[in-house]
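Numbering (the working numbering), first residue to last: 374 to 946. Backbone N, C-alpha and C fix where the C-beta goes; we use that ideal spot for every residue, glycine too.
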Amino acid sequence: MLIGAQPLASGPLAVALGSTYEPVYVVRGQAFNWRVRLLVDGVDLTSQVTGTLDVDREEGAAAVAGFVLYLPPGPVVPDDWKGKPVQLDFISRNRDGVINEARLFTGRLEMPEWDPTWRLLACDCSDQLQQRIEGMSVEAIDALTGGVWSADLFEPTAGRSRWDYAQERMESRAASLDCSVEGVPRVTPWAAAVTPHFVFGLGSTLFETVQIDLQPLGAATNRLEIDAAYRYPRLWQHVQAFTWSHPEYGSSGIPGFCQWRTWTSELPTTDMIESAVTGAGLTMVGQVGGFKLPLSLGNPCGDGVAWINQFDNLWLSAVASGGRRWTQQVTENYKLVLTATGGDAEATQVIARDSGNVAIENSAADEWESGKPDGTGSTDLAEEPRRIAALQTLLRGGAVELLSAHRGTTLSWQVPTDLALGVDLVHTLRLEDRALAQGKCRRIQHRIDIEGGTAVTTLSVAISRGGGVSDALTTPSRPDTSLPPLPPGGGGLPTQLGGRLNDPISGAPIEPYNDARLGFSGNWDVADDLTAPKFPRRFDVEAAEIPEIYRDERTGQVTVNYRVGIPNDLLEL
């Protein structure tokens with residue numbers, strides 16, 4: 374049979390989607406003879422079919438079929454029928470003798486019900502979409518579904534339903550996951566093609582079967598507000614360098630020692646310096662450096678006087694560094710607002726909300742504070758790929774949610790099954806009978822009455838309405854959570870010496886002991902008065918105070934608006 378100067382089964386059936394094709398025009402005034410062929414487990418049981426055969430194929434769902442078989446006398450084990458493969462074909466011959474054969478269903482028998490009185494076996498069948506997906510590897514599902522997915526927003530894939538995983542990936546696709554009539558899983562986009570694959574012309578529909586199911590206003594979400602948080606640890610470390618020199622160590626090395634030797638005094642030990650650093654809550658970084666009091670020498674100062682000293686842990690000048698580490702939590706808050714037409718004006722908004730959180734956990738953060746500092750500064754344990762994956766999953770899923778919310782209107786009509794052969798869920802259909810509309814096919818229902826001799830197919834298309842333009846769903850830039858460099862701290866430490874009333878060098882009175890004064894405290898070796906107070910021998914340092922802004926949680930905020938354009942499918946009633 375020729376329709377629009379081409380056979381009925383050509384056009385979209387003969388070319389792959391996305392390639393060049395010409396629409397198939399379905400017109401009135403056709404006459405057909407038809408029959409069906411039902412194979413169960415490879416056996417032709419067409420002659421045993423009684424009543425009706427039903428096939429229902431809908432985007433995003435498993436296709437189902439149902440029929441009733443009369444079984445001749447003999448033993449019947451209904452349970453043995455479970456899982457048997459089922460194929461249903463429709464064979465049509467027009468008045469010119471041209472035969473067109475099309476597959477209506479491929480699947481397996483799921484649930485048999487046995488009626489022993491009439492020896493009827495009612496069979497419910499499915500194309501087992503879910504089971505087919507469950508049998509696929511994660512990599513195969515990724516290749517099939519595409520989309521974006523974030524391990525931070527969903528449960529791990531290990532030990533979990535592959536069907537659920539596939540549905541999660543499909544949330545970011547404006548498309549549906551279903552099976553072809555041959556039972557092969559596929560993904561079909563929602564967008565209607567500019568050029569329809571089938572055009573149903575005047576008089577092609579059955580009388581009074583054109584119906585419209587309009588979407589209510591409250592279901593047409595046009596504004597989606599997403600609150601996303603991205604949290605990660607910032608590793609801080611701060612090293613302070615402390616320096617101290619005896620006031621009479623006027624120059625470096627032996628000359629400085631000789632100057633000190635004129636009026637000797639107590640000196641700090643290595644243990645005193647290290648204990649002062651650790652006692653301030655710091656961790657020693659390296660070892661104490663500087664110039665130690667020399668060990669015994671014959672004539673170090675050239676004055677003929679020998680120097681006797683057996684202690685190698687006394688310091689005339691010392692440098693010691695101490696540091697600390699801590700972890701600061703940083704939270705980047707993202708306000709993502711996606712709007713379709715009408716979503717900006719308060720009077721016309723239909724709002725939905727969503728959220729997502731990403732928390733970076735890293736073993737390095739757990740071990741950070743117990744490690745030794747090696748400098749001053751910070752390191753963010755941020756993982757940019759995870760941030761991008763999570764935000765893209767939320768953004769694309771949000772855009773799909775708005776697109777889905779605007780394609781709730783369904784236009785359906787009925788035609789003889791002979792005129793619907795070849796129509797699939799991947800096709801764009803145009804109706805020019807009792808309505809003018811064009812949309813992507815969302816459902817196909819075949820009802821074949823063997824006894825009544827009728828075969829009717831109900832076709833349904835999704836109608837999207839909204840309009841507008843779309844912005845690129847680019848990942849938002851990160852907010853600025855940086856902080857100025859930490860002050861260095863540390864520095865030179867003072868000295869206070871007692872055991873005398875007057876300073877042996879300047880002759881000035883010695884100030885009273887100050888317990889709050891940092892640095893070294895000790896005594897001159899030679900007293901000028903037996904009543905002169907003795908100062909405690911100690912060495913103290915103080916850790917620099919870290920401002921709260923470097924310790925408390927650091928937050929940043931970004932707000933980004935995106936426009937989502939909605940297709941305007943043709944619809945005139």
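Residue burial classification, residue i (beta-carbon count within 10 angstroms, cutoff 16)
| i | result |
| --- | --- |
| T847 | exposed |
| S669 | exposed |
| T766 | buried |
| K665 | buried |
| A475 | buried |
| D469 | exposed |
| G748 | exposed |
| M543 | buried |
| I376 | Residue placement at I376 is poorly supported in this model, since its pLDDT is 34, which falls under 50; the coordinates are not used for a value here. |
| E740 | exposed |
| D791 | buried |
| N320 | In this structure the chain extends from 374 to 946, so residue 320 is not present and cannot be described. |
| G623 | exposed |
| M645 | buried |
| G795 | buried |
Residue i versus residue j: straight-line alpha-carbon distance, rounded
| i | j | result |
| --- | --- | --- |
| P628 | F615 | 23 Å |
| N706 | L802 | 44 Å |
| G671 | H619 | 23 Å |
| D453 | D429 | 25 Å |
| V834 | A755 | 46 Å |
| W491 | G938 | 57 Å |
| P852 | Q930 | 6 Å |
| I608 | N887 | The sequence given here has Leu at residue 608, not Ile. Cα-Cα distance, rounded: 37 Å. |
| G439 | L709 | 46 Å |
| A905 | Q660 | 36 Å |
| N730 | A601 | 6 Å |
| K813 | D515 | 24 Å |
| R559 | A513 | 12 Å |
| A793 | L517 | 28 Å |
| S648 | G677 | 38 Å |
| R807 | L784 | 12 Å |
| R466 | W407 | 6 Å |
| R936 | L775 | 10 Å |
| S879 | G626 | 23 Å |
| G447 | P489 | 11 Å |
| V842 | P458 | 47 Å |
| L859 | G865 | 18 Å |
| V899 | S751 | 50 Å |
| T561 | D925 | 49 Å |
| T656 | F527 | 41 Å |
For residue i, the residue or residues it bridges with in DSSP
| i | result |
| --- | --- |
| T687 | The amino acid at residue 687 is misidentified as Thr; the sequence shows Leu. Note: L687 sits in a beta bridge opposite T642. |
| Q584 | S785 |
| M657 | G695 |
| L804 | F573 and A810 |
| H819 | V428 and T830 |
| W563 | Its beta-bridge partners do not exist; DSSP assigns none. |
| A602 | N706 and N730 |
| W617 | A691 |
| L590 | Partner(s): none; L590 has no beta bridge. |
| E945 | L809 |
| C552 | P558 |
| L794 | None; L794 has no bridge partner. |
| I724 | R596 |
| S465 | W407 and N473 |
| D417 | L412 |
| I939 | G840 |
| D913 | G892 |
| K665 | W688 |
| V459 | V413 and G480 |
Closer than 8 Å: residue i CB and nearest the ligand SAH heavy atom
| i | result |
| --- | --- |
| G729 | With respect to the ligand SAH, the structure offers nothing, as it holds no ligand at all. |
Other residues of its chain near residue i: CB distance less than 6 Å, five sequence neighbours each side excluded
| i | result |
| --- | --- |
| A524 | none |
| R780 | A835 and S837 |
| W536 | Q503, I506 and E507 |
Close-in-space but distant-in-sequence residues of the same chain around residue i (CB under 7 Å, 5 per side omitted)
| i | result |
| --- | --- |
| L764 | A601, Y707, T848 and P849 |
| E742 | R698, W699 and T700 |
| N479 | Residue identity check: residue 479 is Thr in the sequence provided, not Asn. Hits under 7 Å: Q460, D500, V554, E555 and G556. |
| A653 | G695, V914, E915 and A916 |
Residues near residue i by beta carbon distance below 8 Å, same chain, minus five either side
| i | result |
| --- | --- |
| L444 | Q421, R492, L493 and L494 |
| A737 | L608 and L754 |
| L768 | I599, L709, L711, L846, T848 and Y935 |
Complete beta strand (DSSP E) runs within the stretch 468-513 (minimum length 3 residues, chain order): Taking 3 residues as the minimum length, the beta strand (DSSP E) runs contained wholly in the stretch 468-513 are 472-488 and 493-499, in order along the chain.
Starting from the N-terminal side, write out each stretch of the alpha helix (DSSP H) that is 4 residues or longer and does not extend beyond the stretch 738-783. 757-778
Just list the beta strand (DSSP E) runs in the stretch 853-895, keeping only unbroken ones of 3 residues or longer that don't cross its boundaries, in chain order. Runs of the beta strand (DSSP E) spanning 3 or more residues and lying entirely within the stretch 853-895 occur at 868-871, in chain order.
In chain order, what are the residue ranges of uninterrupted beta strand (DSSP E) at least 3 long that sit wholly in the stretch 525-552? For the stretch 525-552, whole beta strand (DSSP E) runs of length 3 or above, ordered along the chain, are 548-552.
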